[in-house]
Structure formats: C-alpha cells, structure tokens
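In UniProt numbering, each residue's number is its place in the sequence shown (first place is 1) plus 143.
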Amino acid sequence: AEAELIRAQRFESLAMLAGGLSHDLRNLLQPLLLAGESLQDYQDDPRLARLGKLVRDCGRRGLDMVQSMLSFARGARRAEQVRVGALLDALNLLLQGSVPRNIALTLAVDDPELSFSGNHTELQQCLLNLSLNAIQAMPGGGELRIEAAEQALTREFFLDGESADEGRYLRLSVADTGCGMDAATLAHLYEPFYTTKEGGTGLGLLSCKRIVASHGGAMRVESAPEQGTCFHLYLPLGVQFDDIPEGEDDERLLGNA
Ligand code: ADP
C-alpha cells in the first residue's frame, strides 16, 4: 500500500505540476508565438523573417505540448458512480498489509449501497493517504477508525471561498488515537511540502484537499496533541459530474494553502 500510495502521490503531484506549469508556460509561449508571427512578415530582412518563422514554429509546438500536458492532467479525472461499500472494501484490502499488529482497524459503514458521482481512484487515494498518516502517528499502537455516514450540512458549515453548498453529504472520517498535532502543525497542514516527517513529501494532505474540493466537497480536521486526530471528508450526494471539474481554486490552494 505504501508503494501504491507513493505512486499515486507522484502521479497526483505530477498532474498538479502539469496543471500549474501548463498555465505558466502558456502565458510565456503565447506572446512568443505572436512575436514570431509578426517577425516572419518582416519584409526588409529575410534573415529576421526566417528567425521569426522559427520562433513561431517553436511557440506553436510548445503550445501543442502544453495542450497535451493539460489533457493528461485532466485525463485522470473521469467521473463514475462510486459505491461507498466498494470504496471502503478496496481501502480495507490495501490496508491489510500496512496495519501493524498493535493497531486495531475498524471500518464502520452506515449504508454500503450509497453511491455518488466521483472518482473512485482519487478518493481511495485520499483515504489511503489519511490512513497511512494515521498509522504513522501511532508508532506505539492504537486505534484506526474509518467511518462512512450520510450527513446533512447547512450553509453555516462552509467557510468563505468553499464552493460547496448546503445539502446531503457523505462524511468519510479517518480517526486515530496517535500523537495528534500542535497548533503550529495545524496551521501549515495543507501547505505544499510541509512535513514533520523525515522523508515525508508534504503533499499528501494538499492532494486530499484538492481532490475533495474538485468533488465539490470540504475537508475538516480535529486534533489534540497526545489525543489523536480525525480527518473528515464531506462529499456531496445527489450531484452528477461528467468529468470531475478541474479544481477551480487549485491556484488558490497552491498559492496560500
Ligand atoms: P507527509 O505525510 O508526507 O508529511 P502530509 O501532507 O500528508 O505529508 O502531512 C503533513 C503533516 O501533517 C505531517 O508531516 C504531519 O506532521 C501532519 N499529520 C498529518 N496527518 C496526521 C495525523 N493523522 N496525526 C498527526 N499528524 C498528522
């Protein structure tokens, strides 16, 4: 499961990087292309015109590459009907090999038949991420509890800037009885590359948040030092996606997450 997660995280950060890069590159290449185009019409100096054509052609090729990079980043984001039972079964299977003996794993699913529109792989990756973080937070053992339940949320629940709205949600919670977090860690949790672990990527939670946001949902955490931590993911029920939309606030998330 660790290897699986690292692969998924790599892919996710690659997609994130590709998305961010594409945007920046496009802004660079477009003026280059335009400059090349006007230079190639330069009548007075054939050499300059040839260079202009070269610049234009390279600009075009670059833009094409950016386009395919963008479709690659989006290609991983097909929506499907996700069944809660299937999601947790798959997670359970992935976790079997990773949960040490001194950790008691519980999965509690209200209604396994509940289903919603989303991306199974991405959400599984979120849960796996959170679960492995939880396991790492309990080196001396403890309890890992994963819950899925339907919950109605009112408008007051959501924070400024969250695109989610009131309605029916699936709550997926991952709770541990581990080391918990202090205020400083809580404040930086979703910053890219923020990690307190040797060899940590600091991308796990950001990637979760991004995935949840692109599903039109929200993420919350409760934590107390030496008590434990609980992450909640809220995913809207009864919403139909064709494609999981590009996280519209990706840049906001990356900028000042
Ligand atoms: P990484 O796991 O690579 O450090 P994450 O983005 O997943 O990256 O987590 C960032 C930081 O948040 C961790 O380094 C850790 O300090 C803290 N953290 C995340 N989950 C937990 C948890 N369940 N218990 C305690 N601390 C946690």
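Every residue, glycine too, gets a C-beta built ideally from N, C-alpha and C. Keep in mind that this is a model prediction, so the values were computed, not measured.
- The beta carbon of residue 346 sits closer than 7 Å to at least one heavy atom of ligand 1.
- Taking all protein chains shown into account, residue 265 has 16 or more neighbouring C-beta atoms within 10 Å of its C-beta and is therefore buried.
- Between residue 379 and residue 337, the C-beta gap is not smaller than 8 Å, which leaves the two residues out of contact.
- Distance between residue 280 and residue 323, taken at the CA atoms: about 7 Å.
- In the assembly as shown, residue 202 is a buried residue. Its beta-carbon has 16 or more other beta-carbons within 10 Å.
- Following the DSSP letters along the chain, one finds residue 357 inside the alpha helix (DSSP H) bounded by residues 347 to 357.
- Each of 335, 341, 258 was checked against the Cα of residue 156, and the nearest Cα belongs to 335.
- Where residue 296 is concerned, there is no enclosing alpha helix (DSSP H), although the beta strand (DSSP E) around it starts and stops at 285 to 296.
- Counting the other Cβ atoms within 10 Å of the Cβ of residue 262 gives 16 or more, which makes it buried.
- Beta-bridge pairing by DSSP links residue 223 to 261.
- Excluding its 5 nearest sequence neighbours in each direction, residue 301 has C-beta neighbours in its own chain below 7 Å: 307, 361, listed in chain order.
- Taking the Cα positions, residue 346 is about 30 Å away from residue 253.
- Under the three-state reduction of DSSP output, residue 305 falls in the coil class, being neither helix nor strand.
- Restricting attention to 241, 299, 221, the CA atom closest to the CA of residue 287 is found in 241.
- Taking each of 351, 174, 147, 352 in turn and checking the Cα distance to residue 233, the smallest one comes out for 147.
- Around the beta-carbon of residue 170, fewer than 16 other beta-carbon atoms lie within 10 Å, marking it exposed.
- Nearest in C-alpha terms to residue 370, of all of 226, 230, 243, 285, is 285.
- With at least 16 other beta carbons inside 10 angstroms of its own, residue 352 counts as buried.
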